[in-house]
Structures are given as structure tokens and as C-alpha cells.
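> Numbering (the numbering used here), first residue to last: 24 to 286.
Here it is: the structure, laid out below.
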């Protein structure tokens, strides 16, 4: 029988609520971005999502709108500064503010060894995974400073903490983790919190080269304490925590979500 204080339970629920907040999620048309967009909407936020294909964005927007929440889908390439600026302007014009930015868009067109890597691979990965979040965060932070505060969440990776077969990708995510810490130190004076999430291997299109083949999948699961692969929804809970008042004294941190990967 429960003998605790129901008022405290209510307060916990309120702390995790995103009601009245406006959230922008890049790479929001599939995988982790889609899961976070749906979770944020369920938590009460108005959601804007961006990606490079309108059809994919519209499918997610329709799913959110059908549940009575509002979603604004907008095409944007985060590595192109004019498109990022137009994206932020559209979200602010539509909703009046931006409270939460989730830098989720990422790419990894090259998985080969560093010694064989070419300049194009480095440039593409760094532009999308590092330069894009850097510039978009600066633009968003200026808006958030005018509003009196805000929240930035960077989607890093466990490959940015320990080496993996995603070589250049891992370097870009390691840099993003450091960028998270530096922005947190600087933006705190404006009541802007900046944190990161570092997923392990999650069953998304980006990482399917690692888990799609049955033998590789079995090997990955063998090295996971929880005995399964992660799914996008496993990341959404941490995103809600970092976006909500439940983490209002948390900034500059990186949450690893990898199912307890064994070295």
C-alpha cells in the first residue's frame, strides 16, 4: 500500500512537463530525432522538426498533429548557415520563441580506416556533426538570451568517448562533447543550459552497417550488459529529462546511454 505524499508525485510529474515550451529538433524525421519529437509532444511541447526531405518530415508532423499537438516541419540542411538561419527565423515567427534546441542531425558517409580517408569525408562529417550544431547553437542562444533563458541538447555518441570503427565520426562527436562543456560555461550566465547525450549503438539507419548483419548484431549484444540493442525510444527519456525542469541544475554534462557496454 502506498503511504507517501501524493503532492510530491504531482510535483515530479510537473518537473518533467514541457507544457508551454517550444522545441526544435534537427534530424527529426526518423530514428532518434523522431522519437524525441514524439516524446516532447507527448510531454506538452510545441515541436518544430527539420531534415532534408519534406515527405519524411510531413509523416512525423502528421503523427504528432493527429494526437492534438502542434508540429512545424521545415526542410533545412544544418551544414548550410543560410538554411539554419532561415529555420530558426521560421520557428520563432511561427511559435514566437524557441525554448529547446536539440542538435540531433548527423552523418557518417565513411567508415573506413583513417589512413585511407580522403578530405571530402572529413569535411562532410565535420560540417554536419560539428560546425552545424556549433553555428545553430550560437544563433539559438542569442534568441534564448533575449527570452531570459533556454536549453540546448547536443546528440553526441559513445564513439566520442571511446574509440570505435566510426573513426572520423567519433572525432566529431568527441569535439561536440567538448563544445557542450564550453558552451555550458559561457551560456550559463544567460540562464541557458547545455548538455549532451551519448548513445551507444542504436537501431537507426545511421548505424545499420554495424548491427544489420546477424553475426555483428550477436557480437554487439554479447558486449551489452542489458543483452539487447538500443532503440530510438531509449534515448527519448533522457532528452525529456534534460529539456525539463527535472534537470534545472544540470549543465555541461554528457549522459551515456549504451545499455552498459562492456569493454
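Think of the CB as a built atom: it goes at the ideal place given N, C-alpha and C, for glycine as much as any other residue.
Could you check which residue in 96, 111, 82 has the C-alpha nearest to that of residue 70?
Here residue 70 is taken as the residue at index 47 of the chain shown, counted from 1. Answer by Cα proximity: 96.
> Around the Cβ of residue 245, are there at least 16 other Cβ atoms within 10 angstroms (buried) or fewer (exposed)?
Sequence index remark: in the chain shown, residue 245 carries index 222 (1-based). With fewer than 16 Cβ atoms within 10 Å of its Cβ, residue 245 is classed as exposed.
> May I ask you to list the residues that DSSP assigns as paired with residue 125?
To locate residue 125, count along the chain shown from 1; it is residue 102. DSSP output for residue 125 lists 48, 176 as bridge partner(s).
> Please determine, among 100, 261, 85, the residue with the shortest C-alpha to C-alpha distance to residue 93.
As a working mapping, residue 93 is identified with position 70 in the chain shown. The candidate whose alpha carbon is nearest that of residue 93 is 85.
> Which residues mark the beginning and the end of the beta strand (DSSP E) in which residue 219 is found?
Mapped onto the chain shown, residue 219 falls at position 196. Taken as a continuous stretch (DSSP letters only), the beta strand (DSSP E) holding residue 219 covers 215-222.
> Exposed or buried, which one is residue 133 when buried takes at least 16 other CB atoms within 10 Å?
Here the question's residue 133 lines up with position 110 in the chain shown. Its Cβ being crowded by 16 or more others within 10 Å, residue 133 is buried.
> Quick check: the segment 95-110 against the segment 194-202, are at least 3 beta-carbon pairs closer than 8 Å?
No, the segment 194-202 does not touch the segment 95-110.
> Roughly how many whole angstroms lie between the Cα atoms of residue 178 and residue 148?
Residue 178 sits at position 155 when you count from the first residue of the chain shown. Residue 148 sits at position 125 when you count from the first residue of the chain shown. Each residue's alpha carbon lies about 14 Å from the other.
> Mind checking whether residue 91 and residue 72 have CB atoms under 8 Å apart?
Counting from 1 along the chain shown, the entry for residue 91 is found at position 68. Counting from 1 along the chain shown, the entry for residue 72 is found at position 49. Going by C-beta atoms, residue 91 is not nearer than 8 Å to residue 72.
> Buried or exposed: where does residue 216 fall if 16 or more other Cβ atoms within 10 Å of its Cβ makes it buried?
Counting from 1 along the chain shown, the entry for residue 216 is found at position 193. When all chains shown are included, residue 216 counts as buried.
> In its own chain, which residues sit with a C-beta less than 8 Å from the C-beta of residue 261, not counting the 5 before and 5 after it?
Along the chain shown, read from residue 1 onward, the residue named residue 261 stands at position 238. Contacts found: 220, 278, 280.
> For residue 173 versus residue 121, is the C-beta spacing smaller than 8 Å?
For the purposes of this step, residue 173 is identified with residue 150 of the chain shown, where counting begins at 1. For the purposes of this step, residue 121 is identified with residue 98 of the chain shown, where counting begins at 1. Yes. Within cutoff.
> Please report how far the alpha carbon of residue 62 lies from the alpha carbon of residue 87, in whole angstroms.
Position 39 of the chain shown, counted from the first residue, corresponds to residue 62. Position 64 of the chain shown, counted from the first residue, corresponds to residue 87. Answer to the nearest angstrom: the Cα atoms are 10 Å apart.
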